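Peer 1: Position one of the sequence shown corresponds to residue 26 (this note's numbering), numbered consecutively onward.
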Amino acid sequence: MPWRGGLAGTGCRETNQMAAAPAHIHIESVQTAVPTRVAADRGRLLPIAVHGPALTAAELQRRFLAVLYYRGTEGVHGQQLDEGEARARLEQAVWVTEALSAALPDHPKMAGRLRRGSDDAPSWGVKLSDAGLRFLVASADTTMSAFLAEEAKGARESNESALALWTDVDPLDPEMCAPFVMQFTRFQDGGYAIGACCSLLHADPLSLADFLKSWARTHAQLQAQSELVINQVIRYTHYFRSPAAAAKRLKSVPLVPPSAESTTKTVLFRTAAGGDAPAADDRRQALAEACIAQASEKLGVEKPARFTVLAADGSGGLNVHACTGQTRKTAASPGYALRDACWHEAGLEEVVLDGSKPVHVSCSIVSPCADEGLVVVMPAAAGGTELLISATAPSW
């Protein structure tokens, strides 16, 4: 179960401070973690087949957000770090980014870019490349316990978006935009968060979870081998010599509770994968409609008139289907028995950093298309016989 301890003893001081003046997340560094070696299939294009209207700018911003919280060295709330503490925290961020670079060659898709065809042939795809992922280093002028207390009050979605700050994909020039961003955020009490946000056109939630688990293993291996040598960190010399330079703020994001509830909510299901017959697409869409119908019922909302289905094609590509809620019966196709599932099944609670598991993990589907549903169909395991399906519906 996600950790919720320590909130009752947070004290009135922190709560009053957040109420009086919103805390901020301060972006201190924007970097690019690039693969340490060239992947064998570099340059390969994984197709995104769009069945229906052309993708809109809003649809390009649909994404999966995961945030992992870890305890750290206790700091003194409200006091500036001395040089030794500042250096230690900076070195921790360096370990994170170097492990990312070492893990990316085994996951070339995570270092790639969305690619759009010409105006005459507006196809989409994911180009495997060594462009790398965007990595942000940030600090929060609040404690982790206070942040999680605010999360418990319902401010999670708006606040957690600042822990993996997203920049919209440009529909005209997507290759210049990073569809995957990770962020290291240090809180004042020594706790820290690892935020990861990825376009759903680029990778599904389970693929992102698999990458994070691989990266954590690489992180542990590098630390065990003491491979953070001087040649690897020469570009950080300025910060090591003057840790105060790392405190330069490029952007600050206020943590303000939302004025209204989230406009979408997500329900997860698990089911058997079914066969690979020619009618597989029809079966998959019928399954998606059954999921969106059951999700709407569970949430107590009206079933959306329109929804989009994102489903892997089995060879690295993606199928995007635009559907209406009245096209098929809502009952699942024969052979599909839907069972309730949860994000815990992705295994992110087992991602160990610095010898510790996260004290709390949060996962969410972010969709700017507030009046439409979204279904993501993904293999529950490589070569497995089950599917994990997320069904996101408007909550109004």
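By construction, the Cβ of each residue, glycine as well, lies at the ideal position given by its N, Cα and C atoms.
Just so it is clear, the structure is predicted and the values come from calculations on it, not from any experiment.
Considering only C-alpha positions, which residue in the set A58, A65, T57, V75 is nearest to N344?
Peer 2: The candidate whose alpha carbon is nearest that of N344 is V75.
Peer 1: For D396, is the beta carbon positioned less than 7 Å from some heavy atom of the ligand GTP?
Peer 2: With respect to the ligand GTP, the structure offers nothing, as it holds no ligand at all.
Peer 1: Tell me, please, which residues DSSP counts as bridged to H346.
Peer 2: Paired residues: H76, V334.
Peer 1: State the CB to CB distance for the pair V206 and L226, rounded to an integer number of angstroms; the pair is presumed to be in contact (CB under 8 Å).
Peer 2: The pair is not a contact, with the Cβ atoms about 15 Å apart (cut-off 8 Å).
Peer 1: Starting from L90, trace the beta strand (DSSP E) both ways and give me its first and last residue.
Peer 2: First-last of the beta strand (DSSP E) with L90: 88-95.
Peer 1: On the criterion of 16 or more Cβ atoms from any shown chain inside 10 Å, does V334 qualify as buried, or is it exposed?
Peer 2: It counts as buried.
Peer 1: Would you report the Cα separation of D430 and M403, rounded to the nearest angstrom?
Peer 2: Nothing can be reported for residue 430: it is not among the residues displayed for the chain, which extend from 26 to 421.
Peer 1: Which first and last residues belong to the beta strand (DSSP E) in which W149 is found?
Peer 2: Note, W149: beta strand (DSSP E), 149-152.
Peer 1: Return the residue from the list S251, G216, M201 that minimises the CA-CA distance to T57.
Peer 2: Taking only the C-alpha atoms, the option nearest T57 is M201.
Peer 1: Taking contact to mean at least 3 C-beta pairs separated by less than 8 Å, is the segment 328-342 in contact with the segment 61-75?
Peer 2: Taking 8 Å as the limit for Cβ pairs, the verdict is that the segment 61-75 does touch the segment 328-342.
Peer 1: Write down the C-beta distance between L280 and H49 rounded to the nearest angstrom, noting that I regard them as a contact closer than 8 Å.
Peer 2: That belief holds up - the Cβ atoms of L280 and H49 are roughly 7 Å apart, short of 8 Å.
Peer 1: By Cβ distance, which residues of its chain are closer than 8 Å to L85, with the 5 residues on each side in sequence left out?
Peer 2: Here the set comprises L139, D193, V194, P196, P199, S224, L226.
Peer 1: Please state whether DSSP places K276 in a helix, a strand or coil.
Peer 2: K276: strand per DSSP, three-state reduction.
Peer 1: Pair every Cβ in the segment 58-69 with every Cβ in the segment 151-164, then say whether three or more of these pairs are closer than 8 Å.
Peer 2: With a cut-off of 8 Å, the segment 151-164 and the segment 58-69 count as touching, because enough Cβ pairs lie within range.
Peer 1: In chain order, what residues of the same chain have a beta carbon less than 6 Å from the beta carbon of K152, not counting five sequence neighbours either side?
Peer 2: For K152, where only same-chain residues beyond five positions count, the Cβ hits under 6 Å are L70, G137, R138, R140.
Peer 1: Can you tell which of E185, T122, A82, S183 has the C-alpha that lies nearest to the C-alpha of V55?
Peer 2: With distances taken between Cα atoms, V55 lies closest to T122.
Peer 1: Please name the residue or residues paired with H385 in a DSSP beta bridge.
Peer 2: Answer by DSSP bridge pairing, in chain order: Y94.
Peer 1: Count the other CB atoms within 10 Å of the CB of E53; is the residue buried (16 or more) or exposed (fewer)?
Peer 2: Buried, since its Cβ has 16 or more Cβ neighbours within 10 Å.
Peer 1: Alpha carbon to alpha carbon, what distance is there between G68 and V92?
Peer 2: About 30 Å.
Peer 1: On the three-state DSSP scale, how would you describe D365?
Peer 2: Strand at D365.
Peer 1: Give the range of the alpha helix (DSSP H) segment to which A245 is assigned.
Peer 2: First-last of the alpha helix (DSSP H) with A245: 230-250.
Peer 1: Mind checking which residues open and close the beta strand (DSSP E) that includes M207?
Peer 2: Where M207 is concerned, the enclosing beta strand (DSSP E) stretches over 205-211.
Peer 1: So, helix, strand or coil for S420, using DSSP?
Peer 2: S420: coil per DSSP, three-state reduction.
Peer 1: What is the DSSP secondary structure of V447, counted as helix, strand or coil?
Peer 2: Only positions 26 to 421 of the chain appear in the structure, and residue 447 is not among them; the question remains open.
Peer 1: Using the Cα positions of E327 and W421, report the straight-line distance between them to the nearest angstrom.
Peer 2: Straight-line Cα distance between these residues: approximately 8 Å.
Peer 1: Hey, how far is the Cα of H346 from the Cα of T296?
Peer 2: Those two C-alpha atoms are separated by around 20 Å.
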